[in-house]
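Undergrad:
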Amino acid sequence: MRYVILGSRGQLGKEFLRILDGEEVFEYDLHNIDITDNSQLVSMVEKTKPEVVINCAAYNQVDLAEEKSDLAYSVNRDAPQDLARICKERNIKLVHYSTNYVFDGNKSEPYEINDPPNPISVYARSKFEGERGVLENNEKALVIRTSWVFGEGVQNFIHKLNQWSQSRSVLKIVDDEVSTPTSTVDLAKATLKLLEEDVEGLVHVTNLGSCSRYEWAKHILSELGWEGELEKAKLSDFNLPARRPKHAVLSLKDLPDHVRRSIRTWKQATSEFISHAEMI
Ligand SMILES: NC(=O)c1ccc[n+]([C@@H]2O[C@H](COP(=O)([O-])OP(=O)(O)OC[C@H]3O[C@@H](n4cnc5c(N)ncnc54)[C@H](OP(=O)(O)O)[C@@H]3O)[C@@H](O)[C@H]2O)c1
7 MRYVILGSRG QLGKEFLRIL DGEEVFEYDL HNIDITDNSQ LVSMVEKTKP
57 EVVINCAAYN QVDLAEEKSD LAYSVNRDAP QDLARICKER NIKLVHYSTN
107 YVFDGNKSEP YEINDPPNPI SVYARSKFEG ERGVLENNEK ALVIRTSWVF
157 GEGVQNFIHK LNQWSQSRSV LKIVDDEVST PTSTVDLAKA TLKLLEEDVE
207 GLVHVTNLGS CSRYEWAKHI LSELGWEGEL EKAKLSDFNL PARRPKHAVL
257 SLKDLPDHVR RSIRTWKQAT SEFISHAEMI
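So the mapping is simple: the working numbering equals the position in the sequence shown, first residue as 1, plus 6.
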């Protein structure tokens, strides 16, 4: 297979480069392509002639997106939609990622694929319109919603918590935000399994289980051997520009059994990630 990875310097992009080692892979990130430039996308696929394009590129700054909404919409909505058309015209399989933030977080049970989205921030709306644009323009595309992604890099909760824990003896973490931490390892492996089976349309992929941000922090800090004090806080204690969904757990009910069985729990995946200290 000949793959193009967009966003190859991000958390998930890096994991694909690792897992696809030995395959024919063309890697692109902001240093060599701007996905918001349609002509760059066209010349990239004309040059590389891939069978699969995996779009890991996104604008993921949830709070900043409130003021930089034009950028969020052009990266998260317009570019994926263009990519969907470009891939369809050339019969290239497209994989794109969306988020649990498409939901408002008011449901106490996990969200099923067909539950109605109700995004409550600019970032969330831009990602929701992106997933819809991809699906409307390319019915063969695979669109994967995921949540709380962690992998090699600095833009994830484990890295940030590790940094904070080194300079503070008390940490306050919210217990009214619930979802599922998701390792890029499990996410990339599941994506390749779904690709092998030529799955199309919308799918949910996360690690197994769910937890509050506080519970996740407690597990991370215990694995890091931190001896400070962890306190519970509420989202309303922090004056964050963007609203977050409070309970946005994605149901994996529709995932093929063997794919679901190959996914680790969020606790296992977190522990293993932390055991590779160079990753954080
Ligand atoms: N991170 C999460 O918690 C989370 C949760 C749910 C869903 N997702 C989705 O999962 C996917 C992978 O996320 P991730 O955490 O791996 O993302 P990431 O680490 O933020 O990586 C995204 C990459 O895309 C690049 N990029 C941004 N704008 C671009 C542009 N115009 N052209 C080309 N590249 C551009 C970024 O470059 P710069 O760093 O230089 O901007 C970065 O290298 C995304 O679709 C994301 O929305 C993530």
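Ideal placement from N, C-alpha and C gives every residue a C-beta, glycine not left out.
Are the CB atoms of V140 and A90 nearer to each other than 8 Å?
TA: Their beta carbons are under 8 Å apart, which means V140 touches A90 by this criterion.
Undergrad: May I ask you to list the residues that DSSP assigns as paired with R151?
TA: In the DSSP output, where bridge partners are listed per residue, R151 has S104 and H210.
Undergrad: For I39, which of G231, R250, H102 and V81 has the nearest alpha-carbon?
TA: That would be V81, whose Cα lies nearest to the Cα of I39.
Undergrad: For N61, name the three-state secondary structure that DSSP assigns.
TA: Of the three classes helix, strand and coil, the one that applies to N61 here is strand, per DSSP.
Undergrad: Using the Cβ count rule (16 or more neighbours within 10 Å means buried), how would you classify D192?
TA: Per the 10 Å Cβ criterion, buried.
Undergrad: CB of K195 to nearest heavy atom of ligand 1: below 7 Å?
TA: No - ligand 1 has no heavy atom lying nearer than 7 Å to the Cβ of K195.
Undergrad: With hydrogens ignored, establish whether the beta-carbon of V81 is closer than 7 Å to any heavy atom of ligand 3.
TA: The ligand content of the structure shown is limited to ligand 1, which means ligand 3 is not among them.
Undergrad: Applying the 10 Å Cβ sphere with the 16-neighbour rule, what's the burial state of R83?
TA: The residue is buried, with at least 16 neighbouring Cβ atoms inside 10 Å.
Undergrad: Can you confirm whether the region 232 to 247 touches the region 152 to 165 when touching is taken to mean that 3 or more C-beta pairs between the two stretches lie within less than 8 Å?
TA: The answer is no - the region 232 to 247 does not touch the region 152 to 165, with fewer than three Cβ pairs under 8 Å.
Undergrad: Helix, strand or coil: which one does DSSP assign to A239?
TA: DSSP places A239 in strand when its eight states are reduced to three.
Undergrad: Among residues of its own chain, excluding the 5 on either side of Y220, which ones have a beta-carbon nearer than 6 Å to its beta-carbon?
TA: For Y220, where only same-chain residues beyond five positions count, the Cβ hits under 6 Å are I179, D181 and K238.
Undergrad: Any chance the region 71 to 79 sits against the region 96 to 116, with 3 or more Cβ pairs inside 8 Å?
TA: No: fewer than three Cβ pairs fall under 8 Å.
Undergrad: Hey, is V155 close to ligand 1, as in C-beta under 7 Å from one of its heavy atoms?
TA: Yes, since a heavy atom of ligand 1 falls inside the 7 Å radius drawn around the Cβ of V155.
Undergrad: Assuming A194 and F22 make a contact with CB atoms under 8 Å, what is their CB distance in whole Å?
TA: Their Cβ separation, rounded to whole angstroms, is 5 Å, which keeps A194 and F22 in contact under 8 Å.
Undergrad: Within 8 Å (strictly less), CB to CB, does Y220 reach chain B?
TA: The displayed structure is made up of one protein chain only, and chain B is not part of it.
Undergrad: Closer than 7 Å to a non-hydrogen atom of ligand 1 - does that hold for the CB of C93?
TA: Because no heavy atom of ligand 1 lies under 7 Å away, the Cβ of C93 does not count as near it: no.
Undergrad: Do you know offhand how far L36's Cα is from V51's?
TA: So the two alpha carbons sit approximately 16 Å from each other.
Undergrad: According to the neighbour-count rule (16 or more other Cβ atoms, all chains shown, within 10 Å of its Cβ), is R24 buried or exposed?
TA: So R24 counts as exposed.
Undergrad: Beta carbon of T190, beta carbon of L18: below 8 Å?
TA: Yes.
Undergrad: Cβ atoms of A223 and D69: under 8 Å apart, would you say?
TA: Taking 8 Å as the Cβ cut-off, D69 and A223 do not qualify as a contacting pair.
Undergrad: Can you give me the start and stop residues for the beta strand (DSSP E) that L261 sits inside?
TA: Premise fails: L261 is in no beta strand (DSSP E) and is neither H nor E.
Undergrad: Do V149 and I98 come within 8 Å of each other at the CB atom, strictly closer than that value?
TA: Taking 8 Å as the Cβ cut-off, I98 and V149 do not qualify as a contacting pair.
Undergrad: Does V176 pass the burial test, meaning 16 or more other C-beta atoms within 10 Å, or should it be called exposed?
TA: By the 10 Å Cβ count, V176 comes out exposed.
Undergrad: Near N168, what residues of its chain come up, given a Cβ to Cβ distance below 7 Å and the 5 sequence neighbours on each side ignored?
TA: The answer, listed in chain order, is L230 and I286.
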